[in-house]
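For the sequence shown, the working numbering puts the final residue at 691, and the numbers step up evenly by one.
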Amino acid sequence: MICKSLFEFYPSYSFSSTYLWPRISPNVTIFSTDNLTADIHDLHPSYKYHVRALAVNAIGIGLPSNEITIFTDEEAPSGPPTDVKVQASGSTSLKLTWRPPLYENQNGKIIGYHVGFKRHNSSEAYEYTQILTENNSDLELQVKNLLKFTRYDLHVRAYNGKGMGPISADVTAFTLEDVPSLPPQNVKARAFSSTSIEISWAESPYYTMQGVLQGYKVLYKEVRTDEDETEASQVRTSQFRVTIYNLKKYTNYSIEVLAFTRMGEGARSEPIYVRTHEDVPSRPSAIKAIVKNRNSVQLIWEPPQQHNGILLKYIIRYSNGSDGPPNKESRTIELKVIRTSHVISRLQEDNEYIFTVNAMTSAGESEPTVPVRATPSSKGKPFLHKESSLDLSKDIK
């Protein structure tokens with residue numbers, strides 16, 4: 295008399311028609327003889343199983359039936375993709391690579407993946423990209439059009455014909471650095487003296503840096519109209535204010551400011567223009583004294599080589615030779631700057647005079663010229679007196 299039935303089953307991982315039953319099957323389900331049907335539980339999704347039945351009585355187990363092959367249905371993957379890695383591939387892209395879920399977690403043929411990404415620690419939703427695959431090789435994705443030098447969280451999930459599997463743990467990476475996207479803002483400049491300019495600007499917003507800020511460069515050059523533009527000089531600083539020294543007096547400069555990262559220089563700010571303050575001019579040069587007659591001398595000179603401002607006038611000072619070089623207490627004649635010569639009259643015949651010329655801007659008077667001596671006389675032809683080889687200006691009080 296048959297007491298019970300025994301169903302023995304074993305999974306085939308290779309889907310091969312050749313199958314050898316183990317001596318003792320680890321998968322045995324026992325049923326009573328009340329029913330001639332049986333349900334076998336706890337099978338793995340999307341597996342091929344070999345099943346046979348055996349009868350059992352008090353004497354023992356009979357011979358097995360012919361085996362049958364069954365396939366369990368697919369289910370959505372029960373495990374996430376594995377070996378998920380990310381690395382920066384550019385300033386606006388990340389390369390994500392991964393491997394399929396473990397075989398026992400695939401639960402069917404994997405037909406694609408969903409890759410999600412968003413900015414790290416942001417409240418925004420993940421943005422997903424779908425990847426279809428016919429095999430499980432070359433599993434990678436270039437995630438593009440990202441923000442520069444920004445940290446992103448990424449994950450991936452597999453899906454088959456029955457649905458989506460679980461999401462992998464997030465991986466995190468920064469996109470590569472780039473140069474700053476915007477120039478420094480609110481750039482201001484003011485002349486600090488006749489040879490210095492102070493420049494300031496606002497701190498650039500972090501999101502415009504697109505990298506690790508290394509500092510700022512202030513580019514400055516003289517504005518010239520008489521020849522080709524000169525190369526700009528530069529000053530580096532980590533501050534938001536800098537003073538440039540040793541500039542030319544009363545000179546117009548163009549100024550630009552840029553930020554730079556390890557990848558290079560960002561855009562320059564719009565040029566602003568500022569002129570250094572006026573200063574006293576250099577002294578006039580090439581002074582000459584020509585004796586015209588017994589009581590007049592003509593002075594001729596060249597303008598200063600460096601005006602250092604707007605020339606307002608020339609000042610002629612003269613004194614008797616016996617009194618030493620002229621000073622501010624000496625006799626004075628003021629002339630418009632359009633004049634570079636003047637005849638001094640009402641001088642005493644045969645009396646030696648010493649003459650100097652100063653130029654003047656709003657900042658003050660220049661040093662006097664090298665003194666020139668002349669003695670009005672009625673004897674002979676007009677006589678030219680040039681600059682003395684001895685500079686007596688040091689004696690001027």
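Glycine included, each C-beta is placed from N, C-alpha and C at the ideal position. These numbers were taken from a predicted model, which means no experiment stands behind them.
Between the CA atoms of residue j and residue i - distance to the nearest angstrom
i, j, result
"alanine 583", "valine 574", "25 Å"
"threonine 545", "tyrosine 567", "10 Å"
"glutamate 623", "tyrosine 612", "10 Å"
"leucine 433", "serine 563", "45 Å"
"alanine 259", "asparagine 645", "Outside the shown range of the chain, which is 295 to 691, sits residue 259, and nothing can be said about it."
"arginine 535", "threonine 489", "17 Å"
"leucine 440", "proline 460", "25 Å"
"lysine 543", "valine 631", "19 Å"
"alanine 580", "alanine 526", "34 Å"
"histidine 338", "asparagine 401", "8 Å"
"proline 375", "glycine 560", "40 Å"
"threonine 655", "threonine 444", "56 Å"
"serine 372", "valine 481", "59 Å"
"asparagine 602", "glutamate 572", "6 Å"
"threonine 650", "serine 487", "29 Å"
"alanine 332", "aspartate 464", "44 Å"
"arginine 390", "tyrosine 510", "The amino acid at residue 390 is misidentified as arginine; the sequence shows leucine. Going from the Cα of leucine 390 to the Cα of tyrosine 510 covers about 35 Å."
"aspartate 472", "glutamate 659", "53 Å"
"proline 366", "asparagine 454", "Correcting the residue type first, residue 366 is threonine in the shown sequence and not proline. Approximately 15 Å, taken between the alpha carbons."
"serine 671", "isoleucine 648", "15 Å"
"aspartate 377", "histidine 449", "11 Å"
"leucine 552", "glycine 410", "36 Å"
"threonine 669", "leucine 641", "9 Å"
"glutamate 596", "threonine 626", "19 Å"
"methionine 557", "proline 477", "15 Å"
"glutamate 421", "glutamine 479", "33 Å"
"serine 417", "tyrosine 446", "12 Å"
"alanine 653", "threonine 519", "25 Å"
"glycine 354", "isoleucine 364", "27 Å"
Identified DSSP bridge partners for residue i
i, result
"glutamate 434", "Thr391"
"serine 590", "Asn587"
"tyrosine 510", "Thr531 and Ala553"
"lysine 482", "Ser494"
"leucine 629", "Tyr608"
"glutamine 504", "BP columns for glutamine 504 are empty, so no partner."
"glycine 457", "Asn454"
"lysine 673", "Per DSSP, none; premise fails for lysine 673."
"lysine 515", "Ser548"
Residues of its chain near residue i, where Cβ-Cβ distance is below 7 Å and the 5 sequence neighbours each way are ignored
i, result
"arginine 317", "With a pLDDT of only 49 at arginine 317, under the threshold of 50, the placement of this residue in the model should not be trusted; the figure read from the coordinates follows. Once the five neighbours on either side are set aside, arginine 317 has no close Cβ partner at all."
"valine 424", "One detail in the question is off: residue 424 reads as glutamine in this sequence, not valine. For glutamine 424, where only same-chain residues beyond five positions count, the Cβ hits under 7 Å are Gly406 and His408."
"threonine 386", "Lys438, Asn439, Leu440, Lys442 and Thr469"
Endpoints, the beta strand (DSSP E) within which residue i is located
i, result
"glycine 410", "406-413"
"isoleucine 600", "As written in the sequence, residue 600 is glutamine, which differs from the isoleucine given in the question. Run containing glutamine 600: none; DSSP gives neither H nor E here."
"aspartate 447", "445-454"
"asparagine 652", "647-655"
"lysine 607", "607-614"
"serine 635", "635-638"
"threonine 663", "First-last for threonine 663: undefined, no H or E at that position."
"valine 473", "It is not in any beta strand (DSSP E) - valine 473 carries neither H nor E in the DSSP assignment."
"glutamate 421", "421-426"
"threonine 524", "Unbroken run through threonine 524: none, as it is neither H nor E."
"threonine 466", "465-468"
Same chain, Cβ closer than 6 Å to residue i, neighbours up to 5 away in sequence not counted
i, result
"alanine 483", "Ile491, Ile493, Ile549, Ile566 and Val568"
"glutamate 475", "First, the residue type needs correcting, since residue 475 is serine and not glutamate in the sequence shown. The answer, listed in chain order, is Thr502 and Gln504."
"valine 517", "Asn546 and Ser548"
"glutamate 361", "His344 and Arg346"
"glutamate 661", "Arg577"
"proline 358", "Arg346 and Leu348"
"glutamine 369", "In the sequence as displayed, the identity of residue 369 is glutamate instead of glutamine. Same-chain partners within the cutoff: Pro339, Asn401 and Lys456."
"isoleucine 594", "Lys582 and Ser635"
"tyrosine 539", "Ser490"
"arginine 530", "Gly509 and Lys511"
Own chain partners of residue i with C-beta closer than 8 Å, once the 5 adjacent residues on each side are dropped
i, result
"serine 639", "Asn589 and Ser590"
"serine 616", "Glu646"
"lysine 673", "none"
"lysine 515", "Glu523, Thr524, Glu525, Ala526, Ser527, Tyr547 and Ser548"
"tryptophan 392", "Pro375, Thr376, Asp377, Val378, Lys379, Tyr407, Leu433, Glu434, Val450 and Ser462"
"alanine 382", "Leu388, Lys389, Ala467, Phe468, Thr469 and Leu470"
"leucine 513", "Ala526, Ser527, Gln528, Ile549, Glu550, Val551, Leu552 and Arg562"
Any non-hydrogen atom of the ligand COA within 7 Å of residue i CB
i, result
"alanine 352", "Only the bare structure without any ligand can be found here, which leaves the ligand COA out of the picture."
Residue-level contact to chain E via CB, residue i, 8 Å cutoff
i, result
"glycine 509", "Of the protein chains in this structure there is only one, and it is not chain E."
Can you check the stretch 317-403 for any alpha helix (DSSP H) of at least 4 residues that lies completely inside it and give the ranges in chain order?
397-400
Please give the ranges of any beta strand (DSSP E) in the stretch 533-582, keeping only runs that are unbroken, at least 3 residues long and fully inside the region.
535-538, 546-555 and 566-569
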